[in-house]
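Worksheet: one structure, shown below.
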Amino acid sequence: MTLLTFRFAPSPNGELHLGHAYSALLNQKMAAQAGGRLLLRIEDIDITRCTPQFETGIFRDLEWLGLRWEAPVRRQSEHFAEYRAVLDRLIAEELVYPAFMSRSEIRAFIAETGGRDWPRDPDGVPLYPPLDKALPARERKRRLAENMPFAWRLDVEAATARLAAGLSWLEFADETMSATRAIEAQPQAWGDVIVARRDIPTSYHLAVVLDDALQGVSHVVRGQDLYSATGVQRLLQELLGLSPPRYFHHRLILGPDGRKLSKSFKDTGLAALREAGVSPQDVKRLLGL
Numbered sequence: 005m006t007l008l009t010f011r012f013a014p015s016p017n018g019e020l021h022l023g024h025a026y027s028a029l030l031n032q033k034m035a036a037q038a039g040g041r042l043l044l045r046i047e048d049i050d051i052t053r054c055t056p057q058f059e060t061g062i063f064r065d066l067e068w069l070g071l072r073w074e075a076p077v078r079r080q081s082e083h084f085a086e087y088r089a090v091l092d093r094l095i096a097e098e099l100v101y102p103a104f105m106s107r108s109e110i111r112a113f114i115a116e117t118g119g120r121d122w123p124r125d126p127d128g129v130p131l132y133p134p135l136d137k138a139l140p141a142r143e144r145k146r147r148l149a150e151n152m153p154f155a156w157r158l159d160v161e162a163a164t165a166r167l168a169a170g171l172s173w174l175e176f177a178d179e180t181m182s183a184t185r186a187i188e189a190q191p192q193a194w195g196d197v198i199v200a201r202r203d204i205p206t207s208y209h210l211a212v213v214l215d216d217a218l219q220g221v222s223h224v225v226r227g228q229d230l231y232s233a234t235g236v237q238r239l240l241q242e243l244l245g246l247s248p249p250r251y252f253h254h255r256l257i258l259g260p261d262g263r264k265l266s267k268s269f270k271d272t273g274l275a276a277l278r279e280a281g282v283s284p285q286d287v288k289r290l291l292g293l
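Residue numbers (the working numbering): 5 to 293.
Dropping the structure here:
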């Protein structure tokens with residue numbers, strides 16, 4: 005019998021806060037209830053913002069909370085070759101294209117053509133214009149040869165055309181995992197998302213679907229803020245022939261102003277709480293766990 009596998013996957017680009025604590029502890033709770041495994045993954049593909057100091061802080065905070073996970077810990081920065089191989093496959097299948105427009109160029113193009121009516125993704129960001137996708141092959145090769153800055157974007161229209169049927173994912177109704185419902189995936193809502201950079205052969209979306217598959221993750225338990233992003237990840241899973249996990253997008257822990265916590269909220273940082281004399285049990289009670 006295959007054990008159910010859960011994972012907690014923080015990025016070492018700041019200190020953990022109460023929102024991270026809730027997600028980590030909920031993963032541990034659900035794994036224990038299912039008699040499954042809990043893995044820890046360090047998502048450090050952003051080599052400019054992620055630091056060893058923040059990673060050390062993650063381990064310290066999680067151990068203080070009482071989290072226990074299986075070794076070894078997977079660090080994404082150690083697996084760029086694996087991501088590159090998958091990216092090369094998408095390039096060969098003409099499912100991605102190099103996108104050259106800078107943020108200022110995107111803003112200028114939208115202002116000249118669509119203005120306020122330009123479509124936006126679920127996060128409110130304008131969708132990427134279609135100009136680079138329509139570039140003649142000769143012009144594209146010229147720009148690449150001249151080492152112009154670019155990012156690899158997924159051609160969502162071409163990708164969805166490859167599918168034999170519609171996309172969906174299975175979402176648990178609550179943390180008891182007693183009922184699931186099928187959710188229609190809508191990757192088109194995000195437009196042509198970035199799947200890799202010129203100097204980093206992956207993005208969050210590409211790395212997370214490959215990591216979950218390679219690690220045998222059966223259940224992804226994460227915040228509601230990533231609910232809509234699941235559509236893009238389901239599309240990539242389908243294109244790459246990866247078995248999708250089941251999902252549970254839990255409630256968010258909000259700050260004093262009612263907004264989602266970020267790593268800039270020092271008063272809800274786990275290190276600050278610990279230094280103030282708060283105990284792990286206090287944190288669990290505060291989070292309703």
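The beta carbon of each residue, even a glycine, is placed where N, CA and C say it ideally should be.
Taking the beta strand (DSSP E) that residue i falls in, what are its first and last residues?
{"i": "Arg-11", "result": "9-12"}
{"i": "Leu-44", "result": "41-46"}
{"i": "Glu-79", "result": "The sequence shown places Arg at residue 79, rather than the Glu named in the question. First-last of the beta strand (DSSP E) with Arg-79: 74-79."}
{"i": "Tyr-251", "result": "250-254"}
{"i": "His-223", "result": "223-227"}
Taking residue i and residue j to be in contact with their CB atoms under 8 Å, please state how far apart those CB atoms are, rounded to whole angstroms.
{"i": "Glu-67", "j": "Ile-46", "result": "About 14 Å; that fails the 8 Å criterion."}
{"i": "Thr-272", "j": "Gly-259", "result": "7 Å"}
{"i": "Gln-228", "j": "Arg-255", "result": "6 Å"}
{"i": "Met-105", "j": "Pro-123", "result": "Between Pro-123 and Met-105 the Cβ distance is about 16 Å, and since that is not below 8 Å, they are no contact."}
{"i": "Leu-239", "j": "Leu-171", "result": "6 Å"}
{"i": "Arg-11", "j": "Gln-219", "result": "7 Å"}
{"i": "Arg-289", "j": "Ser-27", "result": "About 17 Å; that fails the 8 Å criterion."}
{"i": "His-24", "j": "Pro-14", "result": "6 Å"}
Could you tell me whether the Cβ atoms of residue i and residue j are closer together than 7 Å?
{"i": "Leu-174", "j": "Thr-164", "result": "no"}
{"i": "Ala-211", "j": "Tyr-87", "result": "yes"}
{"i": "Ser-222", "j": "Leu-8", "result": "yes"}
{"i": "Pro-16", "j": "Asp-48", "result": "yes"}
{"i": "Val-129", "j": "Val-199", "result": "no"}
{"i": "Leu-71", "j": "Gln-32", "result": "yes"}
{"i": "Glu-98", "j": "Ala-275", "result": "no"}
{"i": "Gln-190", "j": "Val-213", "result": "no"}
{"i": "Phe-63", "j": "Phe-176", "result": "no"}
{"i": "Arg-111", "j": "Phe-154", "result": "no"}
{"i": "Leu-246", "j": "Leu-29", "result": "no"}
How is the alpha helix (DSSP H) around residue i delimited, first residue to last?
{"i": "Val-160", "result": "160-165"}
{"i": "Val-213", "result": "208-218"}
{"i": "Pro-56", "result": "56-69"}
{"i": "Val-90", "result": "84-96"}
{"i": "Glu-109", "result": "107-117"}
{"i": "Glu-179", "result": "No alpha helix (DSSP H) contains Glu-179, which DSSP labels as neither H nor E."}
{"i": "Pro-284", "result": "284-290"}
{"i": "Ala-103", "result": "From DSSP, Ala-103 is part of no alpha helix (DSSP H) but of the beta strand (DSSP E) over 100-103."}
Please classify residue i as buried or exposed, where buried requires at least 16 neighbouring CB atoms within 10 angstroms.
{"i": "Thr-234", "result": "buried"}
{"i": "Glu-242", "result": "buried"}
{"i": "Ala-103", "result": "buried"}
{"i": "Thr-180", "result": "exposed"}
{"i": "Gly-61", "result": "buried"}
{"i": "Gln-285", "result": "exposed"}
{"i": "Thr-52", "result": "exposed"}
{"i": "Pro-205", "result": "buried"}
> For the region 192-205 against the region 152-164, are there 3 or more C-beta pairs whose distance is under 8 Å?
Replying inline: Yes, since at least three Cβ pairs between the region 192-205 and the region 152-164 fall closer than 8 Å, the two stretches touch.
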